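Report on the following structure.
In my numbering, the protein residues as written are 18 to 476.
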C-alpha cells in the first residue's frame, strides 16, 4: 500500500520522516510493515550500542588509533557504510509515508525535508572521512612503515627506562645552500612517568667529537668542517654528512645527515639518541598560521625583519607565523643563547596551545604544512606509544638545561662536564628551585648549571 492508501497528510509525513531519521523503522511500523520496522529498530539500536561500546572500550586509545593507517582505513569504510545505510532508511521511510500525488505542495515540502536530512547525515560523514584520509596521508608521508629497531608489542621501548628524541630546527635559504641545524635539543623522556628534561646544544659548539668509524678517522681531533678558514661548528655536521657519503657508509641521501648528527650528539651527551624530528623554520611558520597564531610572553623587545623594519614589543601577545619565526630566530641585540631559550619557549607554547578543537578547525592546512615542514625517523608502529607517552608528558613539569657559556665554552667545550651534568640531571629528582623558578642572579636559561622548569623560564 502507498502513502495515499493510508491517507498520510503533510503533517504526518513530515513527522514520520523526521522520526525515522532519529529512530529507524518508525515509518515502517506506521505503514503497517511491522516486521521490517522492528528489524530496522533493532539494527539501529545494535549500531548505537556497538558505537558506544567501541568508544567506551577504546576511550583512552582513541588518539592512538588516529595515528594508525589501518584503523583509519577501517574507520573511513565504517563511516561510509553507516551513512549510506542511514540515508537509505530515510529515503525508504519517505517513500512509504509521502503525501499523495495530488498534494503537490506536500510532496515538495517532504521531498525537500528528505533531501535536507540526507545531507545532514552525509555532510559530517564526508568531512570525517576526509579528515581520516588526510590523517592517513600525513602518517604515511612522515613516518616510515619500517623502523630502525624492532617494536615489541608488550614493550614498545624495548626495556629502556627513557627514550631520547633529538629535536632539530633547520634553516635554509637560496643564498645559502644546504641545511643548517641552528636549533638542537634532546628531549629525554621517562617512559613510565613522562618526566622530561631538555638538553640544549648551541649551534656554535666547536671541535665536536665524531663517532668512531669513518667520521672519526677523517676528524680524529674533532670536527673542523670543510673550510679551513673557519671553525667547524656543530650545525655544519648535518650538511657535511649529506655532502660526503663516505662519512656514513651504506646510508642513503637524506638520511646521512640525521644519522651522523644523532650519533655525534649521542656521543657528546653520553646517552643514546633513539629518534629525531627536524622542523624547517619556514614550514614551522606555516604551522603556526594554520593554528591561528601562538601566544608567548616576550620579555624584551625583539627586532623584527631582516632590515629591522619592525619590533615585537615586550608583553604577552599572540604572534603570527612570521612573527613567531622571528621571535625564535632573531639575534639582533641579543645572542645565540638567548635565542635558544626563546626557541624552547616557542615550542612549549605551540605544544600547549595545540588543543583538539584548534587542530580540528584547521586540520587540512596544518596537515599540509606539517608534511612540508617535518622530517623524522620515528616508525609508524611506535606512534601509538608516543601518543600515550605525550599524554604523560603533558601532566609533568618539563625541565631544561642548556650547555652554553658560562657553563660550557663553545670554543673549548668540556665534554666530560657535559656528560656529568646530563647524568646528574637524569638521576636527580626535580628540586624545589628547578621546579619553580631559576635563580634571580641567572635570568637566562644558559646561565643555569642545573635543570630549571621550562614554565619558569618562559614566564
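Ideal Cβ placement from N, Cα and C applies to all residues, glycine included.
This one's a predicted model, so the numbers in the text were calculated from it and none came from an experiment.
Cut-off 8 Å between Cβ atoms - residues of its own chain near residue i, not counting five sequence neighbours on either side
i	result
residue 57	41, 42, 45, 106
residue 365	415, 471, 472, 475
residue 51	45
Distance, residue j Cα to residue i Cα
i	j	result
residue 349	residue 468	27 Å
residue 454	residue 226	Bear in mind that the predicted position of residue 454 carries a pLDDT of just 40, short of 50, making it unreliable; the figure below should be weighed with that in mind. In a straight line, the C-alpha of residue 454 is about 33 Å away from that of residue 226.
residue 402	residue 211	12 Å
residue 18	residue 60	Below a pLDDT of 50, predicted positions are generally treated as unreliable, and residue 18, at 44, falls in that range; the measurement from the model is reported next regardless. Answer to the nearest angstrom: the Cα atoms are 24 Å apart.
residue 370	residue 148	20 Å
residue 491	residue 134	Look at the range of the chain in this structure, 18 to 476, and you will see that residue 491 is not part of it.
residue 385	residue 297	13 Å
residue 356	residue 362	10 Å
residue 145	residue 223	50 Å
residue 21	residue 303	Low local confidence applies: a pLDDT of 44 at residue 21 is under 50, so the model's placement there is unreliable, with the coordinate-based value given in what follows. Going by the C-alpha atoms only, they are around 59 Å apart.
residue 438	residue 96	52 Å
residue 16	residue 121	Because the chain is modelled from 18 through 476, residue 16 falls outside the range shown and cannot be assessed.
residue 204	residue 291	10 Å
residue 327	residue 151	37 Å
residue 265	residue 433	25 Å
residue 270	residue 177	29 Å
Beta carbon of residue i nearer than 8 Å to that of residue j
i	j	result
residue 123	residue 35	no
residue 104	residue 138	yes
residue 313	residue 336	yes
residue 331	residue 383	no
residue 69	residue 47	no
residue 260	residue 231	no
residue 483	residue 255	Absent from the model: residue 483. The displayed extent of the chain is 18 to 476, so no value can be given.
residue 294	residue 393	yes
residue 281	residue 248	no
Close-in-space but distant-in-sequence residues of the same chain around residue i (CB under 6 Å, 5 per side omitted)
i	result
residue 253	242
residue 458	The predicted position of residue 458 is uncertain, since its pLDDT is 38 and thus under 50; a value taken from the coordinates is nonetheless stated next. Around residue 458: no qualifying Cβ.
residue 174	180, 208
residue 333	314
residue 118	none
Residue closest to residue i, alpha-carbon to alpha-carbon, out of the options
i	options	result
residue 8	390, 443, 101, 428	The chain is shown from 18 up to 476; residue 8 falls before or after that span and cannot be answered.
residue 201	333, 331, 283	283
residue 199	438, 409, 360	360
residue 197	237, 250, 240, 180	250
residue 408	183, 278, 207, 91	207
residue 39	49, 64, 25	64
residue 113	66, 209, 94, 29	29
residue 188	220, 379, 205, 172	220
residue 186	246, 345, 117	345
residue 143	177, 265, 100, 381	100
Residues of its chain near residue i, where Cβ-Cβ distance is below 7 Å and the 5 sequence neighbours each way are ignored
i	result
residue 289	181, 283
residue 37	43, 44, 106, 107, 110
residue 279	183, 290, 293
residue 316	331
* Between the segment 156 to 164 and the segment 390 to 399, do at least 3 Cβ pairs fall closer than 8 Å? -> Because the criterion of three Cβ pairs below 8 Å is met, the segment 156 to 164 and the segment 390 to 399 touch.
* **Sufficient close CB pairs (3 or more, under 8 Å) joining the segment 203 to 221 to the segment 416 to 425** => Touching, yes, given that three or more Cβ pairs across the two stretches are closer than 8 Å.
* **Stretch pair the segment 339 to 359 + the segment 293 to 311: three plus CB contacts closer than 8 Å** => Yes, they touch.
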